[in-house]
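Everything on this sheet refers to the single structure shown next.
Chains as they are written, first to last, in our numbering: chain A, 70 to 334; chain B, 593 to 775.
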């Protein structure tokens with residue numbers, strides 16, 4: 070039961086900072102630019118400057134550094150593995166050698182560079198989700214996908230399905246907990262036994278959960294049709310995305326930064 | 593592309609939500625780290641209910657949630673293979689699966705679910721190979737072999753558990769088949 074408790078979709082931290090108030094489209098595009106930059110640069114100066122840009126954004130967004138660094142945690146194992154493999158497996162000028170383990174100058178450099186890229190990638194991509202709520206992110210993606218409608222991308226439908234999913238996650242969490250409690254009251258045991266016994270004990274949860282989810286879907290479809298929902302054409306919105314001069318300045322700044330740093334470093 | 597009707601849209605939405613909820617619920621933690629989650633089940637069931645194309649769509653829409661629950665970004669191609677593609681190929685389960693309780697039905701359903709999961713495994717293996725060749729290994733090490741072992745370790749148990757549970761769910765008519773005749 071305890072494992073269902075802290076479900077947060079995304080790591081969004083609400084705020085009123087400059088970065089939070091930017092249009093989601095700006096943030097999505099800027100993130101893509103930043104990722105491209107990390108694959109263009111290959112000097113320490115380049116990584117240093119990219120890190121500086123990220124640091125500037127973190128300061129502007131007023132997100133505690135603790136949260137930003139938390140994004141690296143899932144990569145810890147990979148970081149250590151990458152470092153070890155590069156340090157000890159690269160041929161080149163030997164710095165020191167113990168038995169068959171040798172640390173080379175080239176290995177040291179390459180290893181540190183790869184790890185800097187990894188860390189910057191993780192932080193860069195998590196900054197967007199830290200400062201943008203999932204609903205706004207969906208709106209932003211819908212708007213960015215609109216030009217692709219010509220080639221048949223159902224932008225509005227995709228965004229609508231995403232919004233439905235976001236809306237029903239808390240409901241389904243509640244539903245799951247309710248069903249679990251109901252089955253536990255009947256004496257079900259979910260927390261002992263080996264992996265297969267546990268999987269089998271989940272069937273009395275999964276079947277009602279799926280049946281009720283799809284029943285909810287049917288009800289929702291009827292409700293939507295009853296209110297005259299019929300897709301994207303001519304629909305107005307409650308929240309309208311606005312691309313302001315702030316977004317323009319931010320995007321131009323990031324783009325210029327990426328071009329300059331990408332070319333020279 | 594033909595328009596997606598409202599019933600299908602809400603089905604996709606609910607299946608994705610269900611997958612997201614299950615993705616955050618670890619039913620079993622493996623001794624050396626890594627955990628087993630059931631998030632593939634709703635996507636497979638969706639593919640069975642609405643056909644492979646909608647199944648692909650569900651997988652695509654679920655991938656951002658998957659990324660948020662365990663972000664892992666080392667290379668753009670790796671991200672595409674590990675998240676959107678890995679989840680989308682589960683839609684292949686919808687090609688042949690049908691409701692049924694005869695031994696033949698079990699066999700057919702089991703095989704097609706296995707096929708979809710094998711594709712997903714392949715996607716993860718290629719992604720792993722990109723990681724190993726981009727970031728880690730240098731000379732004379734077999735990246736494919738590393739990637740297969742690593743992925744088999746964490747994906748194997750999940751695959752088996754998912755297969756068992758999906759086989760049970762597929763014997764329930766109300767889960768597999770879409771309610772007809774609401775004019």
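Glycine residues also receive a C-beta, built at the ideal position from the N, C-alpha and C atoms.
task = Please list the partners that residue 757/B has in chain A, where partner means a Cβ-to-Cβ separation under 7 Å.
result = In the second chain, counting from the first residue as 1, residue 757/B sits at position 165. 268, 271, 272, 275, listed in chain order.
Interface partners of residue 722/B on chain A, CB under 7 Å = Along the second chain, read from residue 1 onward, the residue named residue 722/B stands at position 130. The premise fails here: residue 722/B is roughly 13 Å from chain A at the closest Cβ pair, so nothing lies under 7 Å.
request  = Could you check if residue 658/B is buried or exposed, using at least 16 other CB atoms within 10 Å of its CB as the buried criterion?
outcome  = Here residue 658/B corresponds to residue number 66 of the second chain, with the count starting at 1. Of the other Cβ atoms in all chains shown, 16 or more fall within 10 Å of the Cβ of residue 658/B; this residue is therefore buried.
inquiry  = I need the boundaries of the beta strand (DSSP E) containing residue 170/A, first residue and last residue.
reply    = For the purposes of this step, residue 170/A is identified with residue 101 of the first chain, where counting begins at 1. That run of the beta strand (DSSP E) goes 170-173.
ask   = Contact between the region 187-198 of chain A and the region 653-673 of chain B: three or more CB pairs below 8 Å?
value = yes
query = Just curious, the beta strand (DSSP E) that residue 165/A is in, first and last residue?
reply = On the first chain, position 96 is the one that residue 165/A refers to. Segment 163-167, the beta strand (DSSP E) holding residue 165/A.
task = Pull up the CB-CB distance for residue 125/A and residue 316/A, whole angstroms please, since I reckon it's below 8 Å.
result = Against the first chain, residue 125/A aligns to sequence position 56. Against the first chain, residue 316/A aligns to sequence position 247. Incorrect: roughly 17 Å between the Cβ atoms, too far for contact.
request  = Using three-state DSSP, classify residue 628/B as helix, strand or coil.
outcome  = Position 36 of the second chain, counting from 1, holds the residue named residue 628/B. Reduced to three states, the DSSP call for residue 628/B is strand.
query = How many angstroms separate the CA atom of residue 687/B from the CA atom of residue 696/B?
reply = Along the second chain, one-based indexing puts residue 687/B at 95. Along the second chain, one-based indexing puts residue 696/B at 104. If I take the Cα positions, the gap works out to 16 Å.
ask   = CB-CB under 8 Å to residue 179/A, same chain, minus the five flanking residues each way: which ones, in chain order?
value = In the first chain, counting from the first residue as 1, residue 179/A sits at position 110. Around residue 179/A: 155, 159.
ask   = Can you give the beta carbon distance from residue 634/B to residue 611/B, rounded, assuming they're within the 8 Å contact cut?
value = Within the second chain, numbered from 1, the residue matching residue 634/B stands at position 42. Within the second chain, numbered from 1, the residue matching residue 611/B stands at position 19. Contact flag correct, Cβ pair sits at about 4 Å.
task = Can you give me, in chain order, the residues of the region 601-624 of chain B that have a beta carbon less than 7 Å from any beta carbon in chain A?
result = Within the region 601-624 of chain B, the qualifying residues are 601, 602, 603, 604, 605, 606, 608, 609, 610, 612, 613, 616, 617, 618, 619, 620.
request  = Output yes or no for whether 8 Å exceeds the beta carbon distance between residue 743/B and residue 713/B.
outcome  = In the second chain, counting from the first residue as 1, residue 743/B sits at position 151. In the second chain, counting from the first residue as 1, residue 713/B sits at position 121. Going by C-beta atoms, residue 743/B is nearer than 8 Å to residue 713/B.
message = Classify residue 119/A: buried if its beta carbon has 16 or more other beta carbons within 10 angstroms, exposed otherwise.
response = One-based indexing of the first chain puts residue 119/A at position 50. The C-beta of residue 119/A has 16 or more other C-beta atoms within 10 Å across all chains shown, which makes the residue buried.
request  = For residue 662/B, return the contacting residues in chain A, with the cut-off set at a CB-CB distance below 8 Å.
outcome  = Against the second chain, residue 662/B aligns to sequence position 70. Result: 143.
ask   = Near residue 162/A, what residues of its chain come up, given a Cβ to Cβ distance below 8 Å and the 5 sequence neighbours on each side ignored?
value = Position 93 of the first chain, counted from the start, is the residue given in the question as residue 162/A. Around residue 162/A: 173, 174, 175.
Short-range partners of chain B found in the region 230-241 of chain A, where Cβ spacing is below 7 Å = Per Cβ criterion, the list reads 230, 231, 233, 234, 237, 238, 241.
ask   = Could you give the C-beta distance for residue 749/B and residue 264/A, rounded to a whole number, given that I count them as a contact under 8 Å?
value = Counting from 1 along the second chain, the entry for residue 749/B is found at position 157. Counting from 1 along the first chain, the entry for residue 264/A is found at position 195. About 6 Å separates the Cβ atoms of residue 749/B and residue 264/A, confirming a contact at the 8 Å cut-off.
Same chain, Cβ closer than 8 Å to residue 300/A, five either side skipped, listed in chain order = The residue labelled residue 300/A in the question sits at position 231 within the first chain. Closer than 8 Å at Cβ, skipping near neighbours: 225, 226.
key: chain B contact residues for residue 195/A, given Cβ-Cβ distances below 8 Å   = Working through the first chain from its first residue, we reach residue 195/A at position 126. Residues of chain B passing the Cβ test: 663.
message = Here's the rule I'm using: 16 or more other beta-carbon atoms within 10 Å means buried, otherwise exposed. How should residue 112/A be labelled?
response = In the first chain, the residue the question calls residue 112/A occupies position 43. Burial call: exposed.
ask   = residue 242/A and residue 608/B look like a contact to me (Cβ under 8 Å); what is the Cβ gap, rounded to whole Å?
value = Within the first chain, residue 242/A is the residue found at index 173, counting from 1. Within the second chain, residue 608/B is the residue found at index 16, counting from 1. Residue 242/A to residue 608/B, Cβ: 14 Å. No contact.
inquiry  = Less than 7 Å between C-beta atoms, sequence neighbours within five positions excluded: which residues of the same chain meet that for residue 188/A?
reply    = Reading the first chain from its first residue, position 119 is the one you call residue 188/A. Counting only Cβ-Cβ distances below 7 Å, and skipping sequence neighbours, we find 141.
request  = Rounded to whole angstroms, what's the CA-CA distance from residue 773/B to residue 602/B? Just pull it up for me.
outcome  = To locate residue 773/B, count along the second chain from 1; it is residue 181. To locate residue 602/B, count along the second chain from 1; it is residue 10. The predicted model places residue 773/B with a pLDDT of 42, which falls under 50 and marks its position as unreliable; any figure quoted below should be read in that light. Answer to the nearest angstrom: the Cα atoms are 17 Å apart.
task = Note down, one range per segment and in chain order, each alpha helix (DSSP H) of at least 4 residues found wholly within the region 162-248 of chain A.
result = 174-200, 203-214
message = Between 255/A, 286/A, 287/A, which has its C-alpha nearest residue 273/A's C-alpha?
response = As a working mapping, residue 273/A is identified with position 204 in the first chain. Measuring from the Cα of residue 273/A, the nearest candidate turns out to be 255/A.
ask   = Can the beta-carbon of residue 640/B be found less than 8 Å from the beta-carbon of residue 752/B?
value = Start at 1 with the first residue of the second chain, and residue 640/B comes out as number 48. Start at 1 with the first residue of the second chain, and residue 752/B comes out as number 160. For residue 640/B and residue 752/B, no; Cβs fall outside 8 Å.
inquiry  = Mapping the DSSP letters down to three states, classify residue 621/B as helix, strand or coil.
reply    = Here residue 621/B refers to the residue found at position 29 of the second chain. In the structure shown, residue 621/B sits in a strand (DSSP, three-state: E or B).
inquiry  = So residue 645/B contacts chain A; which residues on that side make the cut at Cβ distance below 7 Å?
reply    = For the purposes of this step, residue 645/B is identified with residue 53 of the second chain, where counting begins at 1. Here the premise fails: no neighbours, minimum Cβ distance about 12 Å.
Beta-carbon spacing of residue 650/B, residue 638/B below 8 Å = The residue given as residue 650/B occupies position 58 in the second chain. The residue given as residue 638/B occupies position 46 in the second chain. Cβ distance < 8 Å, so residue 650/B and residue 638/B count as in contact.
inquiry  = For residue 327/A and residue 216/A, I'd like the C-alpha separation in whole angstroms.
reply    = On the first chain, residue 327/A is found 258 positions in, with the first residue counted as 1. On the first chain, residue 216/A is found 147 positions in, with the first residue counted as 1. Cα to Cα, residue 327/A sits roughly 25 Å from residue 216/A.
query = Any chance the region 94-101 of chain A sits against the region 318-325 of chain A, with 3 or more Cβ pairs inside 8 Å?
reply = yes
ask   = Does residue 640/B have its Cβ less than 8 Å from a Cβ in chain A?
value = As a position in the second chain, residue 640/B is number 48, starting the count at 1. Chain A contact via Cβ: absent.
request  = Measure from the C-beta of residue 596/B to each C-beta in chain A and report whether the shortest distance is under 8 Å.
outcome  = Residue numbering aside, residue 596/B sits at position 4 when the second chain is read from its first letter. Yes, residue 596/B counts as interfacial toward chain A.
ask   = For residue 148/A, which residues from the same chain have a beta carbon less than 8 Å from its beta carbon, with the 5 sequence-adjacent residues on both sides left out?
value = Taking the first residue of the first chain as position 1, residue 148/A is located at position 79. These residues qualify, in order along the chain: 141, 184, 187, 188.
ask   = Mind checking residue 703/B: buried by the 16 CB within 10 Å criterion, or exposed?
value = Your numbering for residue 703/B matches position 111 in the second chain. Classification of residue 703/B: exposed, given that the 10 Å Cβ count is below 16.
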